[in-house]
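Engineer: For the sequence shown, the residue numbers in full-length UniProt numbering are 1 to 144. No residue lacks a Cβ here, since even glycine has one placed at the ideal position from N, Cα and C.
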Amino acid sequence: MADRRNEPVAVIGLGRFGVALALELVKHGTEVLAVDNDPQEAQRLSGQLPHVVAADATDLEALTQLGINEFGRAVVAIGADIEASILVTSMLAEIGVPDIWAKAQTAQHATILARVGAHHVVTPEHDMGERIAHLLSGHLLDYI
Ligand code: ATP
1 MADRRNEPVA
11 VIGLGRFGVA
21 LALELVKHGT
31 EVLAVDNDPQ
41 EAQRLSGQLP
51 HVVAADATDL
61 EALTQLGINE
71 FGRAVVAIGA
81 DIEASILVTS
91 MLAEIGVPDI
101 WAKAQTAQHA
111 TILARVGAHH
121 VVTPEHDMGE
131 RIAHLLSGHL
141 LDYI
C-alpha cells in the first residue's frame, strides 16, 4: 500500500468532526483543503485553517475545479445529510481519489459508504463508545 502520510488531505464537511480532524492535521504539518457548503462556516474557520473554501461538494464540477481529483486522500465528514455523504463519497471514488475516508451515522450508512467506494469508514460515536467501554473494563491493550 502506498505511503501517503505526507500527502495533502481534502476534508469535506466542517462540523465538529471535520473541524477537529482538519485542525489536528494542520497542527501536525499536513496540508489540508477544507470544504463546507456553508459560506459562514467557511468564513468563520478561515482564521484557523489556511485553506478553507465554501463549495457544495455534491457538485462534481466544483470538486474538479478545486482540484480534489489530484488529492491522494480525502475525508467525507458530512454526517446528518446522508444523501450528500453518499453522493460525495461516490463522486470521489469516480474521480479516482485513491484513499477515501468517510464518516457514517449508522451501520447501514457505513455499508453503503463502503459499497460506493469509501476505503475506510468510521462511526465516531459508536467507535468511541466501544473504546471507552474497553478503557473502563481494563482491556486497554486492544486499543493502544
Ligand atoms: P458533527 O461532526 O458536528 O457531528 P454532523 O455529523 O452533524 O457533524 P453535519 O453537521 O450534517 O454533520 O455536516 C457537517 C458539515 O458538512 C456541516 O458544516 C455542513 O455544512 C457540511 N455539509 C453538508 N452538506 C455539504 C455539502 N454538500 N458540501 C459541503 N459541505 C457540506
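(1) Considering only C-alpha positions, which residue in the set Thr30, His119, His51, Ser90 is nearest to Ala57?
(2) Should Arg131 be labelled buried (16 or more other beta-carbon atoms within 10 Å of its own) or exposed?
(3) Which value, in whole angstroms, describes the spacing of the CA atoms of Leu87 and Pro39?
(4) Closer than 7 angstroms from C-beta to any heavy atom of the ligand ATP: which residues, in chain order?
(5) Just to confirm before moving on: does the CB-CB distance between Leu92 and Val76 stay below 8 angstroms?
(6) Buried or exposed, going by whether 16 or more other CB atoms sit within 10 Å of the CB of Ala73?
(7) Near Val122, which residues of its chain fall below 6 angstroms by C-beta distance, leaving aside the five closest residues on each side in sequence?
(8) Let's see if you can read the secondary structure: which residues bound the alpha helix (DSSP H) around Asp127?
(9) Quick test of the definition: if touching needs 3 or more C-beta pairs under 8 angstroms, does the region 99-119 touch the region 26-40?
(10) First and last residue of the alpha helix (DSSP H) that includes Ala114?
(11) Between which two residues does the beta strand (DSSP E) holding Arg4 run?
(12) Using only CA atoms, which one of Asn69, Leu14, Leu63 lies nearest to Ser46?
(13) Mapping the DSSP letters down to three states, classify Val52 as helix, strand or coil.
Structural biologist: Considering the structure as presented:
(1) Locating residue 57 in the sequence shown gives position 57, counting from the first residue. Residue Ser90 is the option with its Cα nearest to Ala57.
(2) In the sequence shown, residue 131 corresponds to position 131, counting from 1. Exposed, because fewer than 16 other Cβ atoms sit within 10 Å of the Cβ of Arg131.
(3) Start at 1 with the first residue of the sequence shown, and residue 87 comes out as number 87. Start at 1 with the first residue of the sequence shown, and residue 39 comes out as number 39. Roughly 20 angstroms between the two C-alpha positions.
(4) In chain order, the residues that have a beta carbon nearer than 7 angstroms to some heavy atom of the ligand ATP are Ile12, Gly13, Leu14, Gly15, Arg16, Phe17, Gly18, Val35, Asp36, Asn37, Asp38, Glu41, Ala55, Asp56, Ala57, Thr58, Ala77, Ile78, Gly79, Ala80, Asp81, Ala84, Val88, Lys103, Gln105.
(5) Counted from its first residue, the sequence shown places residue 92 at position 92. Counted from its first residue, the sequence shown places residue 76 at position 76. It is a contact, given that the beta carbons lie within the stated cut-off.
(6) Here residue 73 corresponds to residue number 73 of the sequence shown, with the count starting at 1. The sequence as given places Arg at residue 73; Ala does not occur at that position. That one is buried.
(7) For the purposes of this step, residue 122 is taken as residue 122 along the sequence shown, with counting starting at 1. So the list reads Lys103, once near-sequence residues are dropped.
(8) Taking the first residue of the sequence shown as 1, we reach residue 127 at position 127. Run containing Asp127: 124-137, per the alpha helix (DSSP H) assignment.
(9) Output reads no: the region 26-40 does not touch the region 99-119.
(10) As a position in the sequence shown, residue 114 is number 114, starting the count at 1. According to the DSSP assignment, Ala114 belongs to the alpha helix (DSSP H) that extends over 107-115.
(11) Position 4 of the sequence shown, counted from the start, is the residue given in the question as residue 4. In this chain, Arg4 is not harboured by any beta strand (DSSP E), its DSSP state being neither H nor E.
(12) Taking the sequence shown and counting its residues from 1, one reaches residue 46 at position 46. It is Leu14.
(13) As a working note, residue 52 is residue 52 in the sequence shown. It is a strand residue.
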